[in-house]
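Student:
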Amino acid sequence: MGYWKSKILPKIKKVFEKNGSKKAAVEACKSFDDSKEEISQEFEDKRAVLQLKIVEIYEASPAEIKTIVKDPKEAGLKKHSADVNKFLEEPTKMEFPGSKAVCEASSKYGAALVPGPVLFLLEKV
0 MGYWKSKILP KIKKVFEKNG SKKAAVEACK SFDDSKEEIS QEFEDKRAVL QLKIVEIYEA
60 SPAEIKTIVK DPKEAGLKKH SADVNKFLEE PTKMEFPGSK AVCEASSKYG AALVPGPVLF
120 LLEKV
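Under numbering that gives the first Met the number 0, the first residue of the sequence shown carries the number 0, and numbering increases by one thereafter.
#1: Hey, quick one: how far does the alpha helix (DSSP H) through F95 stretch, first residue to last?
#2: Return helix, strand or coil for P9, following the three-state DSSP convention.
#3: Alpha carbon to alpha carbon, how far is K12 from V117? Give it in angstroms, no decimals.
#4: Can you look up P61 in the DSSP assignment and give me helix, strand or coil?
#5: If you drop the 5 nearest sequence neighbours on each side, which residues of the same chain put their C-beta closer than 8 angstroms to that of E122?
#6: Using 8 angstroms as the cut-off, can you tell me whether the segment 74-85 makes contact with the segment 58-66, which would need three or more C-beta pairs spanning the two stretches below that distance?
#7: Could you give the uninterrupted runs of the beta strand (DSSP E) lying entirely in the segment 18-92, keeping only those of 3 residues or more?
#8: Kindly list the residues whose CB is nearer than 8 angstroms to the CB of L76, restricted to its own chain and excluding five residues on each side of it in sequence; keep chain order.
#9: Could you tell me if V48 is buried or exposed, where buried requires 16 or more neighbouring beta carbons within 10 angstroms of its beta carbon?
#10: E41: which of D32, K6, A104, G97 sits nearest, CA to CA?
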């Protein structure tokens, strides 16, 4: 019984915990999808002010991020997940619409598990 509890049970728990994070990431995507219209409207209202700040952030970002912003694809998100998380922190600091929720989900679950919201935000940038 001791072998079961010490060796096998922890491995089984790891398998189920991974699925739990995927489910939570899906829930985060669904809640973001529900608020897309509000975020788009808020972005359009603040477009003139935000555009200048976003250009500064974009110019200061590395080449990989510039490529992902120009041509947002899931493969790029998976490949440069850490860089994307760093980049998403900058719009969050300036209160870009929707960026806080996307940044939190991306840092918690990984950019590869929440591609919809991340790509939506990158398209707005």
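Each residue gets a CB set at the ideal place from its N, CA and C atoms; glycine is no exception.
Tutor: Taking the coordinates as given:
#1: Looking at the DSSP string, F95 is not in any alpha helix (DSSP H), and its letter there is neither H nor E.
#2: helix
#3: 29 angstroms
#4: coil
#5: P71
#6: yes
#7: none
#8: I67, V83, A110, A111, P114, V117, L118
#9: exposed
#10: G97
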